[in-house]
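Here the sequence shown is numbered in the working numbering, starting from 6 and rising by one per residue. C-beta atoms are modelled at their ideal positions from N, C-alpha and C, and glycine is treated no differently. Okay, so here's the structure we're looking at.
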Amino acid sequence: MKSVQKENSQIVSNSYQGKKYHIVTYGCQMNVHESEKLRGILSVLNMSETEDIDKADVIVFNTCCIREGAEDRAYNNVIALKPIKEQDPSKVIVMCGCMPQQKKGKYNLKEKLPFVDIIIGTHNMNMLDQYLLKHAITGEQIYDIIEKPVTGMDNAKAIRDDHLNAYVNIIYGCNKFCTYCIVPYVRGRESSRLPQDIYLEVRDLVQNQGYKYITLLGQNVNSYGKDLKYPMSFAELLKYLCTIEGDFKIKFMTSHPMDFTDDIIKVMKTEYKVAKTLHLPVQSGSSRILAKMNRHYNVKHYMGIIKRIKRAIPNISLSTDIIVGFPGETVRDFEMTLKLLKKVKFDQVFAFMYSKRTGTPAATFENQIDEKEKNVRLNKLLRLQKMIQKEQIKKYFNKTYDCLIRHINGVAVGITDGGKEIYIPGYKYVNQNYFAPVKVENIRNHKLSGVIK
Ligand code: SAH
Ligand code: SF4
Ligand code: F3S
6 MKSVQKENSQ IVSNSYQGKK YHIVTYGCQM NVHESEKLRG ILSVLNMSET EDIDKADVIV
66 FNTCCIREGA EDRAYNNVIA LKPIKEQDPS KVIVMCGCMP QQKKGKYNLK EKLPFVDIII
126 GTHNMNMLDQ YLLKHAITGE QIYDIIEKPV TGMDNAKAIR DDHLNAYVNI IYGCNKFCTY
186 CIVPYVRGRE SSRLPQDIYL EVRDLVQNQG YKYITLLGQN VNSYGKDLKY PMSFAELLKY
246 LCTIEGDFKI KFMTSHPMDF TDDIIKVMKT EYKVAKTLHL PVQSGSSRIL AKMNRHYNVK
306 HYMGIIKRIK RAIPNISLST DIIVGFPGET VRDFEMTLKL LKKVKFDQVF AFMYSKRTGT
366 PAATFENQID EKEKNVRLNK LLRLQKMIQK EQIKKYFNKT YDCLIRHING VAVGITDGGK
426 EIYIPGYKYV NQNYFAPVKV ENIRNHKLSG VIK
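Here it is, written out as structure tokens:
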């Protein structure tokens with residue numbers, strides 16, 4: 006493909022120069038960030054972005070297949086473009102990401118979507134410019150799914166959405182193979198970026214571009230560095246990045262309880278620049294189900310981490326992911342999950358109904374749970390969590406949180422590391438977007454207010 010770009014540089018300027026693109030993104034933060042890199046790739050073709058899909062010459066769907074619902078949504082939205090493409094065949098439609106990368110997806114995309122011009126997977130998205138060029142020459146559909154990355158997405162320059170928080174990849178892929186999950190099949194094996202590359206990217210974002218939060222991304226960030234020639238642990242990477250000068254904080258996601266070692270807790274406690282927030286998906290409160298999920302930890306291990314991190318960092322904000330209705334989950338197993346939520350009192354819970362993913366072991370497990378029952382369990386869990394969160398607001402009273410001071414609708418607001426807003430009435434800000442400690446002095450109508458200390 007490389008030579009295509011060289012030979013047809015004339016065609017680049019002729020066919021895409023000045024045209025507009027629109028990207029629709031589904032799925033996780035990883036995908037959101039990859040879309041930011043797709044923007045970088047498309048800008049190299051001298052294209053500009055439009056918010057209005059109707060005005061776009063190139064429409065890109067960056068898809069997700071984590072659950073059936075995600076697939077259906079993307080598929081239906083692509084299908085909806087068929088009449089538009091028929092009306093104006095010069096529009097170029099691209100589908101990329103996790104959905105086409107599946108071996109046995111719900112939809113046979115090549116057959117069902119002949120009007121989609123380019124269908125590529127996760128491992129060759131970084132060559133979108135070259136696929137577009139080729140398409141401009143041949144006018145034919147390109148369907149190309151490859152099994153291993155040729156080069157990573159790192160060579161693409163991200164054009165980021167947000168101006169406060171920047172996503173930065175540290176590790177790609179996943180080696181865990183939880184029995185319900187499609188990610189290892191569509192994202193390949195773990196591959197860490199070199200520490201110095203991450204360092205330089207973060208330094209540039211903080212010192213030259215003014216970012217206040219850096220969110221390190223990976224399917225399992227705690228696995229970072231194990232595959233490097235000179236291994237470096239995730240805790241060591243955090244320490245290294247904290248040596249970058251500047252007023253900023255580092256967040257990271259996602260952590261896996263199996264690899265969430267105490268050295269990470271230590272760095273989180275001692276390093277001011279590591280945000281006091283942690284997303285630690287537990288998935289289930291039943292050790293029996295966790296074993297069937299191939300999660301490599303039990304409830305006791307998970308609760309041990311929670312106990313230690315709460316002790317080390319009392320102001321920590323915690324969130325988790327839960328799957329309800331995993332095959333064979335009994336009412337008793339489910340109640341153990343509710344019990345865990347009551348014990349931990351997460352600040353936020355992302356709960357999902359188990360969705361069968363063809364090609365994963367759990368899809369063939371016996372005792373699949375009825376959709377209706379899954380729905381009943383999900384709603385029960387969400388109701389409980391809502392109550393817990395309502396109660397949780399009390400814990401903020403009289404406590405001091407290190408906050409990013411912002412100016413929202415004419416009022417100064419402190420944003421905690423966990424994203425909670427604390428209003429600071431009467432505060433005359435000279436500037437904004439700096440970190441300062443804020444003490445909560447009032448809680449009214451579930452709103453917090455306080456003073457800068
Ligand atoms: N790497 C992360 C999560 C990636 S997917 C981790 O290990 O935690 C994000 C969340 O989607 C998972 O935590 C899980 O709760 C949910 N999920 C994954 N596969 C699913 C499936 N087949 N059905 C329902 N939820 C699923
Ligand atoms: Fe999926 Fe498990 Fe890997 Fe997370 S750790 S991406 S849930 S296989
Ligand atoms: Fe979805 Fe792929 Fe992320 S399946 S959750 S977009 S890694």
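Note on Thr220: 16 or more other CB atoms within 10 angstroms of its CB, so buried under the neighbour-count rule. Cβ neighbours of Lys60 within its own chain (closer than 7 Å, five residues either side excluded): Lys25.
The C-beta separation of Val443 from Gly431 comes to about 13 Å, leaving the pair out of contact by the 8 Å criterion. The stretch 380-388 and the stretch 409-420 do not touch, with fewer than 3 CB-CB distances between them shorter than 8 Å. Arg44 sits in a helix when the DSSP states are folded into three classes.
Between the alpha carbons of Lys400 and Lys254 lies a gap of roughly 23 Å. Between the stretch 36-52 and the stretch 129-140 there are three or more inter-stretch CB-CB distances shorter than 8 Å, so the stretches are counted as touching. Straight-line spacing of the CA atoms in Cys183 and Arg44 works out to 32 Å. Assigned with DSSP and collapsed to three states, Gly419 falls in strand.
Its Cα nearest to that of Lys109, the residue Ile150 stands out among Pro88, Phe120, Ile142, Ile150. In terms of Cα proximity to Cys186, the closest of Met358, Lys347, Asp407 is Met358. Close CB contacts of Tyr216 within its chain, under the 8 Å cut and outside five residues either way in sequence, are with His168, Leu169, Asn170, Ala171, Leu210, Phe253 (chain order). Here the stretch 148-162 makes no contact with the stretch 324-335; the two share fewer than three CB pairs at distances below 8 Å. Relative to ligand 2, the beta carbon of Gln224 is positioned inside 8 Å of a heavy atom.
Secondary structure at Thr342: helix, using DSSP grouped into helix, strand and coil. Within 10 angstroms of the beta-carbon of Ile321 lie 16 or more other beta-carbons, which makes it buried.
The DSSP-derived three-state label of Thr143 is helix. Taking a C-beta distance under 9 Å as the contact criterion, Gly102 and Met132 do not qualify as a contact pair.
Taking non-hydrogen atoms of ligand 2 into account, the C-beta of Lys444 is found less than 8 Å away from none of them. Relative to Leu246, the option among Asp267, Glu276, Phe66, Phe339 whose CA is nearest is Glu276. The DSSP assignment places 133-143, 188-192 as complete runs of the alpha helix (DSSP H) inside the stretch 133-195, in order along the chain (cut-off: 4 residues).
Ranked by Cα distance from Arg300, the first of Ile311, Val279, Ile328, Gln34 is Ile328. Per DSSP, Pro442 is one residue of the beta strand (DSSP E) stretching across 439-449.
By the neighbour-count criterion, in which a residue is buried when 16 or more other Cβ atoms sit within 10 angstroms of its Cβ, Ala85 is exposed.
Closest option to His284, judged by alpha-carbon separation, among His261, Lys297, Thr266, Lys271: His261. Residue burial is scored here from C-beta neighbours: Phe239 has at least 16 other C-beta atoms within 10 angstroms and is therefore classed as buried.
With fewer than 16 other beta carbons inside 10 angstroms of its own, Asn113 counts as exposed. Where Gly309 is concerned, the enclosing alpha helix (DSSP H) starts and stops at 304-317. Closest in alpha carbon position to Lys90, among Met104, Arg316, Asp122, is Asp122. Under the DSSP assignment, Val272 falls in the alpha helix (DSSP H) whose first and last residues are 267-275.
Taking the Cβ of Ala75 as the reference point, at least one heavy atom of ligand 3 falls within a distance shorter than 8 Å. Residue burial is scored here from C-beta neighbours: Val207 has at least 16 other C-beta atoms within 10 angstroms and is therefore classed as buried. The C-alpha of Ser360 lies about 5 Å from the C-alpha of Arg72. With fewer than 16 neighbouring CB atoms inside 10 Å of its own CB, Asp93 falls in the exposed class.
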